[in-house]
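First comes the structure, then the notes that go with it.
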Amino acid sequence: MAISKPLLVFFSLVFFNLSFSWAAPDPTYQSLLQCLSEIIPSPNVSAVIVSNNNPSFASILESRIHNARFNRTSTRKPTIIITPSDESHVSAAVICSQKVGFQLKIRSGGHDYEALSYTSDKPFFLLDMYNLRDVSIDIPDESAWVQTGATLGELYYHIWEKSNVHGFPAGVCPTVGVGGHIGSAGYGTMIRKYGLTTDYVIDAKIVDVNGKILDRKAMGEDLFWAIRGAGGANFGVVTAYKIKLVKVPEKVTVFRVERFLDNNGTEVAFKWQTVGATTDPNLFTRMLLQPNTKDKQKTVKVTVMGLYLGDINGLLTLLNKDFPELRLNKENCTEMPWIDSVIWWANFDLGTPPNVLLDRNNKDTKFVKRKSDYVQTPIPRDGLESLWQKMVQNEKVGLTCNSYGGKMDEIDPKESAFPHRKGNLYKIQYSINWDDPSNEADIKYTTQAKAVHEFMTQFVSKNPRRAYLNYRDIDIGSAKTWSYEEGKVYGESYFAENFDRLVDVKTAVDPNNFFRNEQSIPPHSTKMA
């Protein structure tokens, strides 16, 4: 069928207008492009910046959004995404964002639970570190340089390529970005043996507010201290970390045991609180507390899972002595190389090959809310019984409890910016996920999380009530003017006695508060760039 001339003209105009809207970006894009072109010696500078009318914009933005609550049509999107492939691009982005007059948000893996790394209530540019993902392993030196756009899975895979007796004490989720995880004091299943992820940072590269690229020597020990636990994006853009690898046995053992309340569940949960923090440091255990239904009755399931840096026989001997209530047997345990334990903890089937760790794809993104706490004295049995009742009432909220002790008791809380070490039995992550996109569901489920968190006030750390930065929780407090008083509300929860020193570092390196988010460290006097 022939198309009439008027229709042909109409469609031609529509196509022309759509093409023109992409091909002729707005003045902000042009200003940024011109500034970057003056700094970056490359004819392809435009490939580094993606405007919000570029067809690739949505896919780039959404590929690293891990909380569907912040991927709504109402969520403010960045004006431009900057995708550096070289440190010099980062330096230019910092300089030019200030020159153009835009705030710069910095995203590594996108697992920020409150999306502070890629959302804002004001116009902003997003610096997406995705392409800065090189991992260089030096086995003779037992070290590695890893760029902050790499994922933990990529780091683990490249270690495994070079050695089966080396590992790194970091988290269990392979798609988490190295930048946010290490900078905010990440932890993993070897925390009791080796301490925190950030404890194994021995050098770093950071782009400061003036666009200078600094290593540890150039940045100085105060800034190096701060970026190990307080989040590098408070002070600049960390582009790479040099990390120290740790030794692992050729074989390790993992296990999982489930108990319901009618099968010794409360006794297991009670005993775990002290055993988890006092047993052999080669053993890390995680206790999951999950609302469940059994025989048509609402109840709570208690699951204890763990990693032992040794063989099955050694684990059974240890836990039969320290934790007989668990009734661990050989059938609950599996021996494997360390890299396979990484895959197991990431919830893949036994036998899944290590290249699964290279998959960065964002699958099945849910609506989520997270909170955190630290427990310093065991919750009594009657306290646990009351918690079960609260969990049954708020039937979507689960608690993930991670054992402390061991190496964590040996490191001074002022050694790095992360203070939550000696004196803590375990850390709690409160988790709730849902699929319903409605505002009513958001209110319902976030209210459930708050209810369980509020109930736990009586059992957890106090003055301040402590929280873990990598389990970001905007309910603790947020900044509007970035005053010291505002920052102290959430800052003391995350950093305790280290908060004031962090404010001093911030004042020295970024006095005009260019690098900021809704829970960032404020300088002493804020005159925002």
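Going by mature numbering (1 follows the signal peptide of the UniProt record, and there is no 0), the letters in the sequence shown line up with residues -23 to -1, 1 to 506, in that order. Here a beta-carbon is modelled for each residue, glycine too, at the ideal position from N, C-alpha and C.
Going by CA-CA distance only, name the one from the options that's closest to residue i.
i	options	result
Q366	N401, A418 and M433	M433
A162	L286, S393 and D257	S393
N339	I204, I42, I17 and N211	I42
H143	P314, Y445, Y471 and I356	P314
S415	Q7, Q406, S51 and L38	S51
N490	S380, S460, Y467 and M368	S460
L284	G148, K399, D3 and G360	G148
R358	N108, S438, L93 and K248	K248
Y107	T60, E462, G78 and K273	T60
F79	F325, F101, I58 and H88	F101
G130	I356, A323 and E362	A323
L173	D98, S94 and N379	N379
D115	E138, K99 and L376	E138
K170	K384, N401, T256 and Y467	K384
D117	K224, V245 and Q274	According to the sequence shown, residue 117 is Pro rather than Asp. Per the Cα distances, K224.
V437	G468, T458, Q353 and K373	Q353
R442	T270, M264, N241 and A473	A473
L265	A246, D272 and Q274	A246
What first and last residue would you give for the alpha helix (DSSP H) that runs through residue i?
i	result
F432	N416 to F432
M368	R358 to Q370
V437	V437 -> no alpha helix (DSSP H), and no H or E assigned at all.
E138	L129 to K139
K391	Careful: K391 lies outside any alpha helix (DSSP H) and carries neither H nor E.
residue 507	This structure cannot speak to residue 507, because the chain is shown only from -23 to 506.
C150	First-last for C150: undefined, no H or E at that position.
S19	Run containing S19: none; DSSP gives neither H nor E here.
I320	W315 to W322
V77	E64 to V77
G283	Premise fails: G283 lies in the beta strand (DSSP E), Q274 to Y285, not in any alpha helix (DSSP H).
Near residue i, what residues of its chain come up, given a Cβ to Cβ distance below 7 Å and the 5 sequence neighbours on each side ignored?
i	result
I289	T230, K307, C310 and E312
I190	E64, S68, K182 and V184
V333	I320 and F325
Y471	A444 and L446
S238	Checking the sequence, you will find Leu at residue 238 rather than Ser. Taken in chain order, the residues that qualify are T276, V277 and W365.
T329	I320
F476	K465, G468 and E469
L295	T256, D257 and L260
K271	F237
residue 508	The structure shown does not extend to residue 508, since the chain is modelled only from -23 through 506, so no value can be given for it.
Assuming residue i contacts residue j (C-beta within less than 8 Å), just tell me the rounded distance between them.
i	j	result
Y90	V345	7 Å
I83	L104	5 Å
A444	I453	6 Å
Y403	Q496	Going by Cβ atoms, the distance from Y403 to Q496 rounds to 24 Å, so no, they are not a contact pair.
What does a CB cutoff of less than 6 Å around residue i pick up in its chain, not counting 5 residues either side in sequence?
i	result
N371	Q425, A428 and V429
Q11	none
Y177	I220 and K221
P488	P500
S(-3)	For S(-3), the predicted model reports a pLDDT of 40, less than 50, meaning its position is unreliable and no value from the coordinates is stated.
G209	G160 and V215
V186	D487 and F491
Y467	I453, G454 and Q496
R119	Note that residue 119 corresponds to Glu in the displayed sequence, not to Arg. Hits under 6 Å: L222.
Decide if residue i is buried, meaning its Cβ has at least 16 other Cβ atoms within 10 Å, or exposed.
i	result
R493	buried
T262	buried
D317	buried
H501	exposed
I409	buried
G126	buried
R49	exposed
A203	buried
K194	exposed
K360	Note on residue identity: the sequence assigns Gly, not Lys, to residue 360. The residue in question, G360, is exposed, as its Cβ has fewer than 16 Cβ neighbours within 10 Å.
L335	exposed
S33	exposed
E15	exposed
D350	buried
E462	exposed
I179	exposed
Q124	buried
P55	buried
A456	buried
L(-6)	Caution applies to L(-6), whose pLDDT of 40 falls short of 50 and renders its modelled position unreliable; the model cannot decide the point.
So, at 8 Å on beta carbons, what are the nonlocal neighbours of residue i in its own chain, with the 5 sequence-adjacent residues on each side left out?
i	result
Y448	Y90, R347, K348, S349 and Q406
S62	V25, N108 and L109
L305	F232, V234, L292, L293, L296 and N297
E362	T243
Check the Cβ-Cβ distances between residue i and every residue of chain B, and say whether any is below 7 Å.
i	result
N371	As a matter of chain content, chain B is missing from the structure shown, which is built from one protein chain.
What first and last residue would you give for the beta strand (DSSP E) that runs through residue i?
i	result
I59	I57 to I59
L103	F101 to D105
Q250	First-last for Q250: G242 to T255, but that is the alpha helix (DSSP H), not the beta strand (DSSP E).
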